[in-house]
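Enquirer: Protein chains in written order, with this note's numbering: chain A, 1098 to 1726; chain B, 1098 to 1726.
Protein chains: 2
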Amino acid sequence: MPPTSESADKVTIHFKPQDRQTRVPAGSTLFNAANWIGLAIDSTCGGMGTCGKCRVRILGGDPAITQADRKVFSADELAAGWRLSCRAEVLTDLTCEVPRLMGNPKAAIMGFGKHIILNPNVHKVFLKLPPAVLEDQRSDYERVRAALDDAGFEVVAGLAVRRRLPKTLRNADWNVTAVVVGQQLVAVEPGDTSKRSFGVSFDIGTTTVVGLLINLANGSPLSAKSALNGQAIYGADVIARISHTMLNADGLQQLSDRILRTLNDVLARLLAEAQVAPEEIYEVVVAGNATMTHLLLGFDPEAIGVEPFIPVAEDMFSVRAAELGLTVHPEAPVVVLPHIGAYVGADLVAGILATGIQQKPGVRLLVDVGTNGEIILGSAARTLATAAPAGPAFEGARIQDGMRAADGAIEVVKLDADGVHLQVIGDVPPIGLCGSGLLDIVAQLRLTGLLDASGQMLSPEAAAAQVPPRLAERVTLTAEGVKSFLLASAEQSGSGRPIQITQRDIRELQFAKGAIAGGIAVLMNVLAITAADLQEIYLAGSFGSYINPQSARVIGLVPPVPVERIKAVGNSAGEGARIALVSFRERSIAQAIPANVEYLELSGRADFNDAFIEVLAFPPLEALAVPAA
Amino acid sequence: MPPTSESADKVTIHFKPQDRQTRVPAGSTLFNAANWIGLAIDSTCGGMGTCGKCRVRILGGDPAITQADRKVFSADELAAGWRLSCRAEVLTDLTCEVPRLMGNPKAAIMGFGKHIILNPNVHKVFLKLPPAVLEDQRSDYERVRAALDDAGFEVVAGLAVRRRLPKTLRNADWNVTAVVVGQQLVAVEPGDTSKRSFGVSFDIGTTTVVGLLINLANGSPLSAKSALNGQAIYGADVIARISHTMLNADGLQQLSDRILRTLNDVLARLLAEAQVAPEEIYEVVVAGNATMTHLLLGFDPEAIGVEPFIPVAEDMFSVRAAELGLTVHPEAPVVVLPHIGAYVGADLVAGILATGIQQKPGVRLLVDVGTNGEIILGSAARTLATAAPAGPAFEGARIQDGMRAADGAIEVVKLDADGVHLQVIGDVPPIGLCGSGLLDIVAQLRLTGLLDASGQMLSPEAAAAQVPPRLAERVTLTAEGVKSFLLASAEQSGSGRPIQITQRDIRELQFAKGAIAGGIAVLMNVLAITAADLQEIYLAGSFGSYINPQSARVIGLVPPVPVERIKAVGNSAGEGARIALVSFRERSIAQAIPANVEYLELSGRADFNDAFIEVLAFPPLEALAVPAA
């Protein structure tokens, strides 16, 4: 088997002087890799390689010099390692230097190559107010309001900001900075603080919470932190969490407290790293699935968990940070992005925003692979959404040697005549298979002929007859007589036990991928399109981003498009939240997304059951145009 | 001296079956008297005596039968005591029966004969929602929102109402009543509660707080309660209260807590009497002077107390009851009416609303007599406002035998050849003089010739020569040689000490009335009008309403207009608050009043000082066309 050009390899990139590190699929651009971890690289051209602003200097590793590089850099510069990060594809581990941001870019590349005009909802306006005198007895608030009106801002103000006005104005000798968020006068600060304006975007995953602290003056992230969702002790998935609220009188309160604490923990670390005070965070944007945002807002999620699956509310919703208990400016709006349905939540709305599916003419597919596979299919003309009940196989559950993507997890598997080649997370021996590794091994078994289209593994005898001996020798029967394939022996394994994939594991994966592929098939039928019509397939989410696109194709998780059309888009939910934070225009687009998406409920749909059965099997290798073993 | 037709007498009216009692100036209509204490009498015609709805039955006392009565009632009915309350002038003590309100009048007479169309800001809408099913997976909130949209209400909803939605909708089997206040969805209640909708209006006086609980379905008051402002222990007037906040670190908090407690006490009694739950009060409207509303809202009033006299805010302002701590529905808006200036507050805005000064073509004068005399002068064309520093004389302070209007206070004084005739509050011997009694005795001394125009009292000798002996014998010199007039001897007095009015008291009153009359003169000069141009003079406030209009004229507190043009308008601030509660249209008018009123600051105005000196003396009796003694 020759290595395919769409390598399954992960590469490590080290950014300096920020000293940040990330692992991305080989072939990602440096610019996107930086973006995904919230590291700002200057840019105004929209990633077209023309503005010449996204320059980085390669310190170790050697990406090819591109045509765009030759236009922008001198021979000396090229020799010194300068490259345009939006063009530089990373094929091997690499270290590079990112210059500090110069000036205030008024636009930036975010999401999946989207060109975002910066217009945050937060405005800071320095005001030199005329002091109060007998000839000008306007009230404190009217004085501020009128000055803001002159500056083009129409505002209203609540109790808290009014209460602080008299002392602030007089102590600051009438020189103050007004903080306007939308139409709300959120604060009046002494002196000129107009240069310091910050916001935070959150992606609340069932497992992981990611927060970005953004400098709203230029849209650049100053810090990115993540944490495990503190609700995990009450259950791994949304159904377990919902059950907890149903079975315990104070369950809702416990889960709400937990997620709030997690957000505040992440906030504390963001603020500490960026040297920003809580009161300087004037707006927060939140993406997450409906259950997560319900629990954050203290909404009872019970009706999400049982038929007919009804959320409390789906609209974009803003609440004062103080009312929620988030430790930012107490008057800061916390904006929760809207939902499409109980199981297609704000995380997918953010993903649609970040990928721009609804702004493009061709049909695109966005799949967030997880316990629920959320599927978006559409274009500027029409968009459909659904959620497919994949079950926990992708998360490593119900798989004999399954595990989460953590140190010791096999994340990449390749088989060839020499045997098995593994990539393991962390510098440790393997202890189990995470989701991307599971997909890889099943796809590789299929490509080597060890699995037939129905998912049957060859018997040890048949394997010996049909595949190279270094592979065949790994096919055995377990004590219960179940066929299995050995990935690592007890000696190679970090746990002292062998790591295997069994026929049963393969069946689990077939059910999981069948649900998602079935959902995709239903949506494609409704739109009356075929795989040939699909311009791009975006794999999103903490798991989806790590799937080898080739493996996804081979097992039939996604339709059989040319592999270069399948793209990992990283944490598109977090990216969408960030876009909605830095651009009010984009936030308005996000607000309108649910109204422009048709949600299809798969439960009880006969065509879904039919499609599910049809796609349980693996696609014929001929259809994929990949070389069989 | 013949009794004048504009009798200074107070009469007592007893309303049944409500068992409510009030004392009003003789000549008031029964309808207005009921209105001033918040007792609802049906009416739709605007008090013109034509709708025939405001019928009451006289049980004791005998008001004359009017032309309007003859048109509406049969001879039998007239004989049985039926009268139209809007026509029935009360000249003697009287008991009458008020029929219970029939149906829902959509208009009512409020304020000073204003015809108010009822359109409260609170709407209750019963909704039979389609249950959630797989074919209709709209969220709970969207289901309610869409149904309200169909019913013509565009709403937004906050955290609290959303949190309660899932349980309420399902427990109530999808039959619920939405409470919409303005554009805010304030509550969703199980079942059909659309018939129960209530609001409360408050007038927060420095001394007294008055609350009305209004049935918003028909605008009628269900209960009226008052209480002493609990801040009184920190000082009697606004300056003392402001000083308390400046001298004590927790002074603002103490005063805020006190007024909140007072309001909650009044609320508790209103709710108990009307058998209404706190959660059924969906809106509160507050009038009061700027210092009182500042303290309620927790605004530092310091800048109100010192030059240049600046409030924190003057606009109409709404805050959630929960944020303030008022024990009504936690999401109910508490609407504080706007202010015109630091010393012409929401109480005067409410008074302008209730009297309709700005809706009428002729020029009218509204005076709220107190420590500060607030003065409004104008018409639909142009309105001016100011506050005159009258000092505490009208409240009985700095007057040797002065006291507040409480049991034992002399409230009415008449002098004639037979001597002194007193009316005393309560069924007790006199113990002092309240403001209205003070004005009466000074006016009567002036009319009898015992005071000259400059305010000099006759010496005992001159008195003996010029006035009837029963009056002259009461003029003496005090131990310090100050001239004084005896109102009640030690034997007649309830305190065992004689009650006198001294030359010094008269000087205090001259200063107090001079400030107000001077303020009025400045405003009249600015408008370039004379007394002949004044259509009406309204005396407002807890004190102003009890002034004998004739006395006010005689001492020159108000310009020398024919006495029938001087009208007591009761608690016009409370009445304005009530109007703003039951009519959103009227509230919008109130909101716009400050922008349509020019505030004149008297401090440091040379023309005010000139006017003050000019009006210190009493007007010549010839100018008043009243018979001298």
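All C-beta atoms in this analysis are idealised placements derived from N, C-alpha and C, irrespective of residue type, glycine included.
(1) Give, in chain order, every residue of the segment 1226-1249 of chain A whose Cβ lies closer than 7 Å to some Cβ of chain B.
(2) Measure the alpha-carbon distance for methionine 1199 of chain A versus leucine 1224 of chain A and round it to whole angstroms.
(3) Kindly indicate if chain A contains any beta-carbon less than 8 Å away from that of alanine 1410 of chain B.
(4) In its own chain, which residues sit with a C-beta less than 7 Å from the C-beta of aspartate 1362 of chain A, not counting the 5 before and 5 after it?
(5) Going along the chain, which unbroken runs of the beta strand (DSSP E) with 3 or more residues stay wholly within the segment 1486-1541 of chain B?
(6) Give the residues from the segment 1261-1274 of chain B that approach chain A closer than 7 Å (Cβ to any Cβ), ordered along the chain.
(7) By DSSP, does asparagine 1216 of chain A sit in helix, in strand, or in coil?
(8) How about serine 1340 of chain A: is its C-beta nearer than 8 Å to some C-beta of chain B?
(9) Under 7 Å between beta-carbons, which chain B residues line up against isoleucine 1407 of chain A? List them in chain order, please.
(10) Does chain B have any CB closer than 8 Å to the CB of alanine 1687 of chain A?
(11) In the structure shown, what three-state DSSP assignment does methionine 1554 of chain B receive?
(12) Would you call serine 1642 of chain B buried or exposed, if buried means 16 or more other Cβ atoms sit within 10 Å of its Cβ?
(13) Just how far apart, CA to CA, sit aspartate 1504 of chain A and histidine 1518 of chain A?
(14) Could you name the residues of the same chain whose beta carbon sits closer than 6 Å to that of asparagine 1469 of chain B, not counting the 5 residues immediately before and after it, in chain order?
(15) Could you tell me the boundaries of the beta strand (DSSP E) in which alanine 1719 of chain B lies?
(16) By Cβ distance below 7 Å, which residues in the same chain neighbour isoleucine 1710 of chain A in space, the five residues on each side in sequence not counted?
(17) Looking at asparagine 1326 of chain A: is its Cβ nearer than 8 Å to the Cβ of threonine 1290 of chain A?
(18) Let's see if you can read the secondary structure: which residues bound the alpha helix (DSSP H) around glutamate 1370 of chain A?
(19) Hey, could you find the ends of the alpha helix (DSSP H) threonine 1192 of chain A is sitting in?
(20) Whole-angstrom Cβ separation of isoleucine 1214 of chain B and arginine 1682 of chain B, contact assumed at under 8 Å?
(21) If I follow the unbroken beta strand (DSSP E) through glycine 1671 of chain B, where does it start and stop?
(22) Classify arginine 1567 of chain A as buried or exposed, calling it buried when 16 or more other Cβ atoms lie within 10 Å of its own Cβ.
(23) Between serine 1353 of chain B and chain A, is any beta-carbon pair separated by less than 8 Å?
(24) Under 8 Å between beta-carbons, which chain D residues line up against alanine 1400 of chain B? List them in chain order, please.
(25) In the structure shown, what three-state DSSP assignment does valine 1230 of chain B receive?
(26) Where arginine 1702 of chain B and proline 1405 of chain B are concerned, what is the direct C-alpha to C-alpha distance, given to the nearest angstrom?
(27) Excluding five sequence neighbours on each side, which residues of the same chain lie with their C-beta closer than 7 Å to the C-beta of asparagine 1201 of chain A?
(28) Work out the CA separation of isoleucine 1311 of chain B and glycine 1296 of chain B for me, nearest whole Å.
(29) Can you list the residues of chain A that valine 1416 of chain B reaches, using a CB-CB cut of under 8 Å?
(30) Tell me the residue span of the alpha helix (DSSP H) that contains serine 1648 of chain B.
(31) Measuring straight from C-alpha to C-alpha, what distance separates serine 1340 of chain A and proline 1486 of chain A?
(32) Starting from alanine 1439 of chain A, find everything on chain B with Cβ-Cβ shorter than 9 Å and list it in chain order.
(33) Could you give the distance in angstroms between the alpha-carbon of leucine 1450 of chain A and the alpha-carbon of arginine 1267 of chain B?
(34) Can you find a CB in chain A that lies within less than 8 Å of the CB of phenylalanine 1396 of chain B?
(35) Between B:Phe1705, B:Ala1687 and B:Lys1610, which lies nearest to valine 1621 of chain B when the distance is taken from Cα to Cα?
(36) Within the chosen definition, does the segment 1453-1463 of chain B reach the segment 1614-1630 of chain B through at least 3 CB pairs nearer than 8 Å?
Expert: Let me spell this out:
(1) Correct list: Ala1229, Val1230, Leu1231, Gln1234, Ser1236, Asp1237, Tyr1238 and Glu1239.
(2) Taking the first residue of the first sequence as position 1, residue 1199 of chain A is located at position 102. Taking the first residue of the first sequence as position 1, residue 1224 of chain A is located at position 127. A caution first: methionine 1199 of chain A carries a pLDDT of 46, below 50, which makes its placement in the model too unreliable to give a value.
(3) Numbered from 1 along the second sequence, position 313 holds the residue referred to as residue 1410 of chain B. Yes, its Cβ sits closer than 8 Å to a Cβ of chain A.
(4) One-based indexing of the first sequence puts residue 1362 of chain A at position 265. Counting only Cβ-Cβ distances below 7 Å, and skipping sequence neighbours, we find Ala1324.
(5) 1506-1513 and 1516-1521
(6) Residues of the segment 1261-1274 of chain B that bring their beta carbon within less than 7 Å of a beta carbon in chain A comprise Leu1262, Pro1263 and Lys1264, in sequence order.
(7) Taking the first sequence and counting its residues from 1, one reaches residue 1216 of chain A at position 119. Looking at asparagine 1216 of chain A - three-state DSSP - the assignment turns out to be strand.
(8) Start at 1 with the first residue of the first sequence, and residue 1340 of chain A comes out as number 243. No, serine 1340 of chain A lies away from the interface with chain B (no Cβ there is under 8 Å from its Cβ).
(9) Counting from one through the first sequence, the residue named residue 1407 of chain A turns up at place 310. The contacting residues are Ala1229, Gln1234, Ser1236 and Asp1237.
(10) Start at 1 with the first residue of the first sequence, and residue 1687 of chain A comes out as number 590. For alanine 1687 of chain A, the answer is no, since every Cβ of chain B falls outside 8 Å of its Cβ.
(11) Looking up residue 1554 of chain B in the second sequence gives position 457. Methionine 1554 of chain B falls in the strand class under three-state DSSP.
(12) Sequence index remark: in the second sequence, residue 1642 of chain B carries index 545 (1-based). Its Cβ being crowded by 16 or more others within 10 Å, serine 1642 of chain B is buried.
(13) Mapped onto the first sequence, residue 1504 of chain A falls at position 407. Mapped onto the first sequence, residue 1518 of chain A falls at position 421. When rounded, the separation of the alpha-carbon atoms in aspartate 1504 of chain A and histidine 1518 of chain A is 17 Å.
(14) Within the second sequence, residue 1469 of chain B is the residue found at index 372, counting from 1. Annotation for asparagine 1469 of chain B: Tyr1440 and Ala1484 place their beta carbon closer than 6 Å to its own, counting only its chain and skipping 5 residues before and after.
(15) Within the second sequence, the letter at position 622 stands for residue 1719 of chain B. One point to set straight first is that residue 1719 of chain B is glutamate, not alanine, in the sequence displayed. That residue, glutamate 1719 of chain B, is in no beta strand (DSSP E); its alpha helix (DSSP H) goes 1718-1721.
(16) If you number the first sequence from 1, residue 1710 of chain A lands on position 613. Excluding positions up to five away in sequence, the list is empty.
(17) The residue labelled residue 1326 of chain A in the question sits at position 229 within the first sequence. The residue labelled residue 1290 of chain A in the question sits at position 193 within the first sequence. Contact: no.
(18) Translated into the one-based positions of the first sequence, residue 1370 of chain A becomes position 273. Following the DSSP letters along the chain, one finds glutamate 1370 of chain A inside the alpha helix (DSSP H) bounded by residues 1348-1371.
(19) Along the first sequence, one-based indexing puts residue 1192 of chain A at 95. Unbroken run through threonine 1192 of chain A is the beta strand (DSSP E), 1191-1194; no alpha helix (DSSP H).
(20) In the second sequence, residue 1214 of chain B corresponds to position 117, counting from 1. In the second sequence, residue 1682 of chain B corresponds to position 585, counting from 1. So it is a contact: roughly 7 Å between Cβ atoms.
(21) On the second sequence, position 574 is the one that residue 1671 of chain B refers to. Unbroken run through glycine 1671 of chain B is the alpha helix (DSSP H), 1669-1679; no beta strand (DSSP E).
(22) Numbered from 1 along the first sequence, position 470 holds the residue referred to as residue 1567 of chain A. By the neighbour-count criterion, in which a residue is buried when 16 or more other Cβ atoms sit within 10 angstroms of its Cβ, arginine 1567 of chain A is exposed.
(23) In the second sequence, residue 1353 of chain B corresponds to position 256, counting from 1. It does not: the Cβ of serine 1353 of chain B has no partner Cβ on chain A nearer than 8 Å.
(24) Given the protein chain composition of this structure (A and B), no chain D is represented.
(25) On the second sequence, position 133 is the one that residue 1230 of chain B refers to. In this structure, DSSP gives valine 1230 of chain B an extended state, which the three-state scheme calls strand.
(26) By 1-based counting over the second sequence, the position of residue 1702 of chain B is 605. By 1-based counting over the second sequence, the position of residue 1405 of chain B is 308. Answer to the nearest angstrom: the Cα atoms are 13 Å apart.
(27) By 1-based counting over the first sequence, the position of residue 1201 of chain A is 104. A caution first: asparagine 1201 of chain A carries a pLDDT of 43, below 50, which makes its placement in the model too unreliable to give a value.
(28) Along the second sequence, one-based indexing puts residue 1296 of chain B at 199. Along the second sequence, one-based indexing puts residue 1311 of chain B at 214. Put simply, the backbone Cα of glycine 1296 of chain B is about 5 Å away from that of isoleucine 1311 of chain B.
(29) Position 319 of the second sequence, counting from 1, holds the residue named residue 1416 of chain B. Ordered by position in chain A, the residues that pass the 8 Å Cβ test against valine 1416 of chain B are Gly1255 and Leu1256.
(30) Taking the first residue of the second sequence as position 1, residue 1648 of chain B is located at position 551. Unbroken alpha helix (DSSP H) run through serine 1648 of chain B: 1646-1651.
(31) Residue mapping note: residue 1340 of chain A aligns to position 243 of the first sequence, counting from 1. Residue mapping note: residue 1486 of chain A aligns to position 389 of the first sequence, counting from 1. Rounded to whole angstroms, the separation of the alpha carbons of proline 1486 of chain A and serine 1340 of chain A is 17 Å.
(32) Taking the first residue of the first sequence as position 1, residue 1439 of chain A is located at position 342. Ordered by position in chain B, the residues that pass the 9 Å Cβ test against alanine 1439 of chain A are Gln1234 and Ser1236.
(33) Position 353 of the first sequence, counted from the start, is the residue given in the question as residue 1450 of chain A. Position 170 of the second sequence, counted from the start, is the residue given in the question as residue 1267 of chain B. Near 34 Å, if we compare the C-alpha coordinates of arginine 1267 of chain B and leucine 1450 of chain A.
(34) Residue numbering aside, residue 1396 of chain B sits at position 299 when the second sequence is read from its first letter. Chain A contact via Cβ: present.
(35) By 1-based counting over the second sequence, the position of residue 1621 of chain B is 524. Residue identity differs from the one stated: residue 1621 of chain B is methionine in this sequence, not valine. Of B:Phe1705, B:Ala1687 and B:Lys1610, the smallest CA-CA separation from methionine 1621 of chain B is found for B:Phe1705.
(36) yes
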